[in-house]
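By the numbering used here, the letter at position 5 of the sequence shown is numbered 7, and the numbering carries on one by one without gaps.
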Amino acid sequence: SSFADLGLDELQRIASNCKACRLCEQRNNVVFGEGNTNRPLVAFVGEGPGADEDAQGRPFVGRAGQLLNSAITKGMGLKREDVYICNVVKCRPPQNRAPLPDEIEKCSNYLFRQLEIIQPKVIVTLGQPAQFALSGIEVGITKLRGNWQNWRGFKLMPTFHPAYILRNQAAKRPFWEDLQAVMSEVGLNK
3 SSFADLGLDE LQRIASNCKA CRLCEQRNNV VFGEGNTNRP LVAFVGEGPG
53 ADEDAQGRPF VGRAGQLLNS AITKGMGLKR EDVYICNVVK CRPPQNRAPL
103 PDEIEKCSNY LFRQLEIIQP KVIVTLGQPA QFALSGIEVG ITKLRGNWQN
153 WRGFKLMPTF HPAYILRNQA AKRPFWEDLQ AVMSEVGLNK
């Protein structure tokens, strides 16, 4: 991408003024990402910001974010600031619809460069759009979750999006199993 030589601060500055796709038209805040930018054990990648995220300019601060926080802190025994959290698209899609292919394509260069810079030990994709943006595999998340994938040499674990788990309690156990596999991979055995 054209971002190949940029550092994280510069990348974030460019993203904050981005007009590359239609999602810029209604945003209040660009939601770039936050957390440990120096080789975190885990980077979580979601789909796109919702209303709370757009209002605060921070990823995963709504109900889905609370579930993710709980998984990180109670489940994995980490602090939120120990991991990195971001989304495929940095601006909120209208009515929280899924980002469209051209929006993902325009925005994924930010994501790719982010991940290259921070060098996470493992990437966890939350939901099908995030998984597809990185793995390129169009298989549904129910089939693909729990199975290690690869993105540019990084190990990638696809799992359910926390918002999905809020609607489908049965997804909670497989989600936790996927996180346990990640914990085992990065040496966080409980």
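All C-beta atoms, glycine included, are put in the ideal place defined by N, C-alpha and C.
Item	Value
Validate contact between the stretch 84-102 and the stretch 110-117 using beta carbons, cut 8 Å, 3 pairs	yes
Residue from Ala22, Gly148, Ala57, Phe177 with nearest C-alpha to Ser72	Phe177
Of the residues Ala45, Cys23, Phe62, Trp150, the one placed nearest Gln121, counting alpha carbons only	Ala45
Buried versus exposed, by CB contacts within 10 Å (16 or more), Gln116	buried
Residue from Gly189, Ala172, Asp84, Asn152 with nearest C-alpha to His163	Ala172
Burial state of Pro103, where buried means 16 or more other Cβ atoms lie within 10 Å	exposed
Unbroken stretches of the beta strand (DSSP E), 3 residues or longer, contained in the stretch 4-77	44-48
Coarse secondary structure for Leu113, derived from DSSP in three states	helix
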